[in-house]
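Peer 1:
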Amino acid sequence: QVRLVESGGGLAQPGGSLRLSCAGFGIVFRDSIVGWYREPPGNRRELVAQISGSAEEKYSDSVKGRFTISKDNDKNTVYLQMNSLYPEDTAVYYCKAAYLRSYWGQGTQVTVSS
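Here the working numbering is used: the first residue of the sequence shown is -13, the next is one more, and so on.
#1: Where does D47 sit, in a helix, a strand or coil, going by DSSP?
#2: Candidates A9, R87, M68: which alpha carbon is nearest G(-4)'s?
#3: Excluding sequence positions up to five away, which residues of its chain have a Cβ less than 8 Å from the Cβ of D17?
#4: For the beta strand (DSSP E) holding S40, just list the boundary residues, first then last.
#5: Would you kindly check if the distance between the Cβ of E74 and the Cβ of I55 is under 7 Å?
Shown next as C-alpha cells:
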C-alpha cells in the first residue's frame, strides 16, 4: 500500500520561508517522478515543481527562483524549500508520486499572511 505523508505547512509572513516534506511509503522515490502541486482557494490544482528519478528538476514560472525541490533517496523523502513567499502562494500543497500510476498525499496547508 502506497502512502505519501506531507508535513511542514503552516503560517508564514510575506517574504518568509517554509520547507515542506513528502515522505513515501510503499514506493521508491529513486524510481519515480515526484511533484509538488498546490490548490489555491477557489482555483484548480497546479504543478509547482517536480523532480525525476534522475533528479532533473522542473518549476512553474510563478515559483522559479524562489522555490527549490530536492530529494533524499536514503530517507525516501522529497522536499520543497519555499523562500520569498507571497500571499498568493497560499494554498493546500500536495505531493504526487508517479510510478506506473499516480499517488497523492493528503495535502498540507500553507498560508502566507501578515
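Cβ coordinates follow ideal geometry from the N, Cα and C atoms, glycine included.
Peer 2: Based on what the coordinates show:
#1: coil
#2: M68
#3: G39, Y85
#4: Run containing S40: none; DSSP gives neither H nor E here.
#5: no
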